[in-house]
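Worksheet for the structure shown next.
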């Protein structure tokens, strides 16, 4: 399937999606689950397959006016859900930009992990990350390496298998005042 997400003027997360058996569809995803607050920025979507658990999920991330990172997420076993992910772990600062999400298999634990990145007002890159064994975590990734400069943009990320070390790597990318 292909999912094209966007935010409408009323702050709802909308989707135009396609599959080969039924063609194109439209959904107001904010209207599927009760109590979803309006988004103030465009959504970001990602999907994953957890073969060990037999789960396929899609997650639609967005930020609200209070700086919280929310997710509208779906799997075929339980349907649609809404989470305010900023409230799951204590001490998460408000986001000031658009969240970014990705997933990968952690080669050391063999667990599927989801990582939701966002920028805080001090320019730090934060991650809300989850696996099915230890649940949700929060990290201020800018403090993990001394001397990391402040970000002036939203972050993006990629994961890949490093051919020379055989390890899965995560790269969180952002722009600083130095360009």
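In the working numbering, the protein residues as written are 762 to 940.
We put the CB at the ideal spot given by N, CA and C, even for glycine.
All figures in this text were calculated on a predicted structure; none of them were measured in a lab.
The beta strand (DSSP E) spanning residue i covers which residue range?
i           : result
residue 835 : 830-836
residue 931 : 929-934
residue 793 : Counting along the chain, residue 793 falls outside any beta strand (DSSP E), and DSSP gives it neither H nor E.
With a threshold of 6 Å on Cβ separation, who are the neighbours of residue i within its own chain once the five nearest residues in sequence on each side are excluded?
i           : result
residue 828 : 855 and 856
residue 910 : 937
residue 786 : 778
residue 772 : 799 and 800
Looking only at its own chain, which residues have a Cβ that is under 8 Å from the Cβ of residue i, when we skip the five neighbours before and after it?
i           : result
residue 867 : 873, 874, 892 and 929
May I have the straight-line CA-CA distance separating residue i from residue j, to the nearest angstrom?
i           : j           : result
residue 916 : residue 815 : 30 Å
residue 863 : residue 878 : 9 Å
residue 793 : residue 851 : 28 Å
residue 849 : residue 860 : 16 Å
residue 903 : residue 876 : 15 Å
residue 824 : residue 804 : 8 Å
residue 778 : residue 764 : 4 Å
residue 817 : residue 906 : 34 Å
From the DSSP output, which residues share a beta bridge with residue i?
i           : result
residue 920 : 931
residue 902 : In the DSSP output, where bridge partners are listed per residue, residue 902 has none listed.
residue 866 : 873
residue 886 : 880
residue 810 : 817
Considering only C-alpha positions, which residue in the set the options is nearest to residue i?
i           : options          : result
residue 937 : 895, 886 and 896 : 886
residue 846 : 833, 905 and 813 : 833
residue 853 : 841, 802 and 831 : 831
Under 7 Å Cβ to Cβ from residue i, same chain only, skipping five residues before and after it: list those, please.
i           : result
residue 901 : 885 and 887
residue 933 : 878, 886, 902, 916 and 918
residue 923 : 930
residue 883 : 911
residue 762 : 778, 779 and 780
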